[in-house]
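Student: Please read through the structure below; I'll follow up with questions.
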Amino acid sequence: MTTTPLITSWQDVRWDQVEAAVHALQRRIYRAQQRGQRRKVRSLQRLLLRSTSAKLLAVRRVTQDNQGKKTPGVDGIACLDPEQRRLLAQDLNLGRRARPVRRVWIPKPGTREQRPLGIPTMSDRAAQALVKLALEPQWEARFEPNSYGFRPGRSCHDAIEAIFNEIRYRPKFVLDADISKCFDRIDHRALLDKLDTFPLLRRTIKGWLKAGVLDGGQLFATEQGAPQGGVLSPVLANVALHGLEEVVAAAFPKTRTIDGKIKRWTPAVIRYADDFVVLHEDLDVVRHSKEVIAGWLRGTGLELKPSKTSIAHTFQEYEGKVGFDFLGFTVRQFRVGKHHPGSNGSGQPLGFKTLIKPSKAKVTAHHAQLREMIRQATAAAQKDLIARLNPVIRGWANYFRNAVSKATFSKLDDRLYSALRHWARRRHPNKASRWIVRRYWRLPQWDFGTKEGTLATHAQTRIVRHVKVQGGRSPFDGDWPYWASRWGHYPEVNPAVAWMLQAQGGRCAHCKRRFFPGDDLRERHHKDGDRSNNRRSNIELLHRHCHDAVHRQERQAASP
Numbered sequence: 002m003t004t005t006p007l008i009t010s011w012q013d014v015r016w017d018q019v020e021a022a023v024h025a026l027q028r029r030i031y032r033a034q035q036r037g038q039r040r041k042v043r044s045l046q047r048l049l050l051r052s053t054s055a056k057l058l059a060v061r062r063v064t065q066d067n068q069g070k071k072t073p074g075v076d077g078i079a080c081l082d083p084e085q086r087r088l089l090a091q092d093l094n095l096g097r098r099a100r101p102v103r104r105v106w107i108p109k110p111g112t113r114e115q116r117p118l119g120i121p122t123m124s125d126r127a128a129q130a131l132v133k134l135a136l137e138p139q140w141e142a143r144f145e146p147n148s149y150g151f152r153p154g155r156s157c158h159d160a161i162e163a164i165f166n167e168i169r170y171r172p173k174f175v176l177d178a179d180i181s182k183c184f185d186r187i188d189h190r191a192l193l194d195k196l197d198t199f200p201l202l203r204r205t206i207k208g209w210l211k212a213g214v215l216d217g218g219q220l221f222a223t224e225q226g227a228p229q230g231g232v233l234s235p236v237l238a239n240v241a242l243h244g245l246e247e248v249v250a251a252a253f254p255k256t257r258t259i260d261g262k263i264k265r266w267t268p269a270v271i272r273y274a275d276d277f278v279v280l281h282e283d284l285d286v287v288r289h290s291k292e293v294i295a296g297w298l299r300g301t302g303l304e305l306k307p308s309k310t311s312i313a314h315t316f317q318e319y320e321g322k323v324g325f326d327f328l329g330f331t332v333r334q335f336r337v338g339k340h341h342p343g344s345n346g347s348g349q350p351l352g353f354k355t356l357i358k359p360s361k362a363k364v365t366a367h368h369a370q371l372r373e374m375i376r377q378a379t380a381a382a383q384k385d386l387i388a389r390l391n392p393v394i395r396g397w398a399n400y401f402r403n404a405v406s407k408a409t410f411s412k413l414d415d416r417l418y419s420a421l422r423h424w425a426r427r428r429h430p431n432k433a434s435r436w437i438v439r440r441y442w443r444l445p446q447w448d449f450g451t452k453e454g455t456l457a458t459h460a461q462t463r464i465v466r467h468v469k470v471q472g473g474r475s476p477f478d479g480d481w482p483y484w485a486s487r488w489g490h491y492p493e494v495n496p497a498v499a500w501m502l503q504a505q506g507g508r509c510a511h512c513k514r515r516f517f518p519g520d521d522l523r524e525r526h527h528k529d530g531d532r533s534n535n536r537r538s539n540i541e542l543l544h545r546h547c548h549d550a551v552h553r554q555e556r557q558a559a560s561p
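Here's what the structure looks like:
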């Protein structure tokens, strides 16, 4: 086994060369898997796992790029300086005994339940990131086309668009299902058998799965499940659920003749992580699909969650409701009159129209969050309140900007204005309304703001139709012209960031390497150092590690 060459300095690493070397190997793994060359896939994976570039990239991702880099595991290590990163990359190898994960409980949004996270040690995180670099391209070549969760270059908006494409021409029954405690109940043996990898990698992954959990000073054995919070856990969960679409398709004939017409009879399965829907126009098919899926899940140690599994219809009332909620959106079809007929593209009226809107639960929760933020800022300056509210408003509006959200945005802005008016009156109970308006609103536009800036509104966000990713596409296929054409169209990307992505051709302004599709490790750099100067000529988009390097160079140049 080859050893890692000496890494002399972390600051001197050429990250453009590192990423180029790693991505080249990943593309080779992806193509070999597509061709069914099993031995070549394993050989290339071994080569990548021994690669210095891969080890450097793995360490950087868990110590610099990762948002949770400051959360310690059982070793108590949360942050590493450049020299410690160099030593970690120098000594990074597989086969070492895994240490237990530290249990952290976080609240589930909208419920009183708590979600358990398992935080590995820093060295285990780096090793898992290294293994992910080798496993992900192999499985990206194998994953089913309608799987969208935890995959590069794919988002929940692709899943929503896939649902729209399935029901746009015909109303259908839908099985809206959720897998109960998916991460916590995955059967280890079934998962390792499905991975079907070489012995060293199998033993390493098994060691992480069996390492145990330290919760409140007490060690618990882990006989099943993959800890949420681990770098590799999302990939393992997708591997465990791989085959769901195939097993449903195998249970039904591809076509069926009805009234002399040949119709597709295979149900559509669209999955995002452990949430999925099954769509078909026949109720019996949907019911049978539920039985097939429940039986298949038992083989992986999983089961459907009854409280979150139901059957509905997209157009007609069934069991007391119409439509369904999925990933924060409400999917439903509405009857239309003779003056506004739906159309299938040929001008033929269908009598219904498919509308996908933000769900009531998400709208209510967002409004409550804004009101609470305003209530807690009673003594805060107006500019500070605006600085707190703007990221929340823009992020929520960007997420829902691909849906039929214009009316929802206007309603939320009306409610936001009422909350802000109450905030202003509470600060000045003895002042007239006209004085309060002149003090906090900029007329005649009625913008809540100061000279430093104004409050963003939901209605300022343009409604833009999302283009679904092509079924078998993956960033590892090397088709950069296709992926570059998608830049600026990701719904959760800030419009200013989207503009820079397009202006820079999807490349970092510092290292000139392409941003990986779906990569959120991007930061805006102000060339003159003035963060209030947001002119387009003064801003460029950089990788997070490149941004750190640029500021380090600026400090070195400024020092005597």
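Be aware that the sequence shown starts at 2, since it is given in the working numbering, and climbs by one per residue.
Every residue, glycine too, gets a C-beta built ideally from N, C-alpha and C.
In the structure shown, what three-state DSSP assignment does L517 receive?
Tutor: What sits at residue 517 in the sequence shown is Phe, not Leu. Here F517 sits in coil by DSSP.
Student: Taking 8 Å as the limit between beta carbons, can you name the residues of its chain near E84, skipping five residues before and five after?
Tutor: W11, listed in sequence order.
Student: Is V42 near A130, with beta carbons less than 9 Å apart?
Tutor: Against a cut-off of 9 Å, the Cβ pair of A130 and V42 comes out as no contact.
Student: Relative to the alpha-carbon of D179, which residue among T53, P254, I312 has its alpha-carbon at the smallest distance?
Tutor: If we check each option's Cα against that of D179, I312 comes out closest.
Student: Which value, in whole angstroms, describes the spacing of the CA atoms of R276 and D177?
Tutor: Checking the sequence, you will find Asp at residue 276 rather than Arg. Going from the Cα of D276 to the Cα of D177 covers about 8 Å.
Student: Pull up the DSSP beta-bridge partners for D179, would you.
Tutor: DSSP lists D276 as partners of D179.
Student: Count the other C-beta atoms from every protein chain shown that fall within 10 angstroms of the C-beta of F174, then say buried if there are 16 or more, exposed otherwise.
Tutor: Buried.
Student: By a C-beta neighbour count over all protein chains shown, 10 Å radius and 16 as the cutoff for buried, is H314 buried or exposed?
Tutor: H314 comes out buried.
Student: Using the beta-carbon count (16 or more within 10 Å), is C547 buried or exposed?
Tutor: Per the 10 Å Cβ criterion, buried.
Student: May I have the straight-line CA-CA distance separating Q115 from P228, to the nearest angstrom?
Tutor: For Q115 and P228, the distance between alpha carbons rounds to 14 Å.
Student: Are V468 and E282 close, meaning C-beta to C-beta below 9 Å?
Tutor: Result no, Cβ atoms of V468 and E282 do not sit closer than 9 Å.
Student: Restricting to runs no shorter than 4 residues, where is the alpha helix (DSSP H) found entirely within the stretch 238 to 267?
Tutor: Taking only runs of at least 4 residues, the alpha helix (DSSP H) segments lying wholly in the stretch 238 to 267 are 245 to 251.
Student: I need the straight-line Cα distance from L417 to I437, nearest angstrom please.
Tutor: C-alpha separation (whole angstroms): 16 Å.
Student: Can you list, in chain order, the residues of its chain whose CB lies under 8 Å from that of R204, leaving out five sequence neighbours each side?
Tutor: Taken in chain order, the residues that qualify are G96.
Student: Please tell me whether P268 and P476 are closer than 9 Å, where the distance is taken between their beta carbons.
Tutor: Not a contact, by the Cβ cut-off of 9 Å.
Student: Is DSSP giving P359 helix, strand or coil here?
Tutor: Reduced to three states, the DSSP call for P359 is strand.
Student: What distance in whole Å lies between the Cβ atoms of G352 and R336, which are believed to be in contact at a cut-off of 8 Å?
Tutor: About 6 Å separates the two Cβ atoms, so the contact holds.
Student: Comparing C-alpha positions only, which one of T301, R169, A99 sits nearest to R190?
Tutor: Measuring from the Cα of R190, the nearest candidate turns out to be T301.
Student: Does DSSP put R500 in a helix, in a strand, or in coil?
Tutor: According to the sequence shown, residue 500 is Trp rather than Arg. Looking at W500 - three-state DSSP - the assignment turns out to be helix.
Student: If you follow the alpha helix (DSSP H) that R336 is part of, which residue opens it and which one closes it?
Tutor: From DSSP, R336 is part of no alpha helix (DSSP H) but of the beta strand (DSSP E) over 330 to 336.
Student: Leaving aside the five residues before and after T310 along the sequence, list all residues of the same chain whose C-beta is less than 8 Å from its C-beta, in chain order.
Tutor: So the qualifying residues of the chain are L176, D177, A178, D179, K291.
Student: Could you check whether R257 and K225 sit closer than 9 Å to each other, using their CB atoms as the reference points?
Tutor: Lys is not the amino acid found at residue 225; the sequence shown has Gln there. The answer is no: Cβ separation not under 9 Å.
Student: If you count every other CB in all the chains shown that lies within 10 Å of the CB of T64, and 16 or more means buried, which is it?
Tutor: Classification for T64: buried.
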